[in-house]
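Undergrad: Under this note's numbering, the first residue of the sequence shown carries the number 1, and numbering increases by one thereafter.
Pasting in a structure now, in structure tokens, and then I'll have a few things to ask.
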Amino acid sequence: MFTGLVEEVGVMKGATRQGEAMRLLIGASLVVDGVKLGDSISVNGVCLTVTAFDHHSFAADVMPETYRKSTLHSLKPGSAVNLERAMKAGDRFGGHIVQGHVDGTGVVVSRRRDANAVVFNISLHDNESLRYIIPKGSITIDGISLTVVDVSEDGFCVSIIPHTLAETALQQRQPGEAVNIECDIIGKYVDHLLHFSTPEQRGRRSASKLTTGYLAEHGFL
1 MFTGLVEEVG VMKGATRQGE AMRLLIGASL VVDGVKLGDS ISVNGVCLTV
51 TAFDHHSFAA DVMPETYRKS TLHSLKPGSA VNLERAMKAG DRFGGHIVQG
101 HVDGTGVVVS RRRDANAVVF NISLHDNESL RYIIPKGSIT IDGISLTVVD
151 VSEDGFCVSI IPHTLAETAL QQRQPGEAVN IECDIIGKYV DHLLHFSTPE
201 QRGRRSASKL TTGYLAEHGF L
């Protein structure tokens with residue numbers, strides 16, 4: 001699990017591709033300090049497993065599902081990437097629950113300055129994910145934990161403070177470029193429970209009793 005607080009901006013040093021699979025070599029310094037084989041590192045919001053490392057880089061495999069779902073296949077040598085090590089038990093929880101399992105990608109439609117912030121408008125490739133996105137809710141863009149400002153028919157917008165912009169690869173994102181999107185896992189679980197199917201379909205003995213009426217009755221809606 002991750003928190004969406006980027007520890008370091010690394011550099012894509014190279015990739016070995018085989019169809020819709022690839023092995024990435026990422027240049028880094030902070031996140032490889034104390035790393036072990038099999039550790040998890042978030043690369044632009046995608047949870048990858050360390051398969052090799054030295055003092056200045058690490059390698060990780062990208063499977064076909066991740067290749068298709070994320071922007072990792074479009075990385076080129078020299079591309080900046082957001083990096084975060086998996087959270088340790090007892091660490092400060094500064095962002096929100098981030099799994100590193102991206103739901104898909106979006107496109108930067110526009111970016112504009114608003115006083116000391118920069119507002120990014122993001123259009124989603126798959127509008128199915130919109131049901132998990134709410135104003136003032138959490139969203140992960142390229143591994144960065146952010147707060148949703150507003151939601152539109154085909155996307156949403158976020159406001160980026162100067163520190164986040166300066167310390168992440170988001171500063172390089174321009175209109176037309178793709179970004180990885182992960183919606184809040186809590187919203188996904190609630191949506192799944194509310195749309196739970198019949199006992200026969202799920203092989204369960206009883207259907208879920210969690211309904212919108214139940215949530216409203218107990219003050220959750």
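Think of the CB as a built atom: it goes at the ideal place given N, C-alpha and C, for glycine as much as any other residue.
For ILE161, which three-state DSSP category applies?
TA: coil
Undergrad: Spatial neighbours of LYS69 within its chain, please: CB distance less than 7 Å, with the 5 preceding and 5 following residues excluded, ordered by chain position.
TA: Cβ-Cβ distances below 7 Å link LYS69 to VAL102, GLY104 in the same chain, with the five nearest sequence neighbours on each side left out; the list follows chain order.
Undergrad: Give the range of the alpha helix (DSSP H) segment to which ASP191 is assigned.
TA: It spans 185-194 - the alpha helix (DSSP H) in which ASP191 sits, taken as one unbroken run.
Undergrad: Does the pairing of the stretch 160-170 with the stretch 21-38 give three or more beta-carbon distances under 8 Å?
TA: no
Undergrad: How big is the Cα-Cα spacing for CYS47 and TYR214?
TA: Looking at the two C-alpha atoms, the distance is approximately 35 Å.
Undergrad: Once you ignore the five residues that flank ASN116 on each side, which residues in its own chain have a CB closer than 8 Å to its CB?
TA: ILE161, PRO162
Undergrad: Which class does SER79 belong to by DSSP, given the choice of helix, strand or coil?
TA: Correct three-state label for SER79: coil.
Undergrad: Closer than 7 Å by C-beta to HIS4: which residues in its own chain qualify, once you throw out the five before and the five after it? Chain order, please.
TA: A small fix is needed here, since residue 4 is Gly in this sequence, not His. Cβ neighbours of GLY4 beyond the five flanking positions: GLY95, HIS96, VAL98, THR140, GLY143, ILE144, SER145.
Undergrad: Let me know the beta strand (DSSP E) ranges lying completely inside the stretch 21-86, each 3 residues or longer, listed in chain order.
TA: 21-27, 40-43, 46-53, 57-62, 80-85
Undergrad: Out of SER74, GLY78, LYS188, VAL119, which has the shortest C-alpha to C-alpha gap to VAL11?
TA: GLY78
Undergrad: For THR66, count the other beta carbons within 10 Å of its own beta carbon; 16 or more makes it buried, fewer makes it exposed. Which is it?
TA: buried
Undergrad: Helix or strand or just coil, what does DSSP make of GLN174?
TA: coil
Undergrad: With distances taken Cα to Cα, identify the nearest neighbour of VAL151 among ASP54, LEU37, LEU83, ILE122.
TA: Scanning ASP54, LEU37, LEU83, ILE122 for the CA closest to the CA of VAL151 turns up ILE122.
Undergrad: Can you tell me the Cα-Cα spacing of GLY38 and VAL119, whole angstroms?
TA: 37 Å
Undergrad: How would you label GLU182, buried or exposed, when you count the other beta carbons within 10 angstroms and need 16 or more for buried?
TA: buried
Undergrad: VAL108 and LEU72 - do their beta-carbons sit closer together than 9 Å?
TA: no
Undergrad: Have a look at PRO175 and GLU217 and give me their C-alpha separation to the nearest angstrom.
TA: Each residue's alpha carbon lies about 44 Å from the other.
Undergrad: Using the C-alpha atoms, what's the distance from ASN180 back to GLY19?
TA: Each residue's CA atom was taken as its position, placing GLY19 and ASN180 some 21 Å apart.
Undergrad: How long is the line joining the alpha carbons of GLY137 and ASP184, rounded to whole angstroms?
TA: 8 Å
Undergrad: Could you check whether VAL32 and ASP54 sit closer than 9 Å to each other, using their CB atoms as the reference points?
TA: Yes, they are a contact pair.
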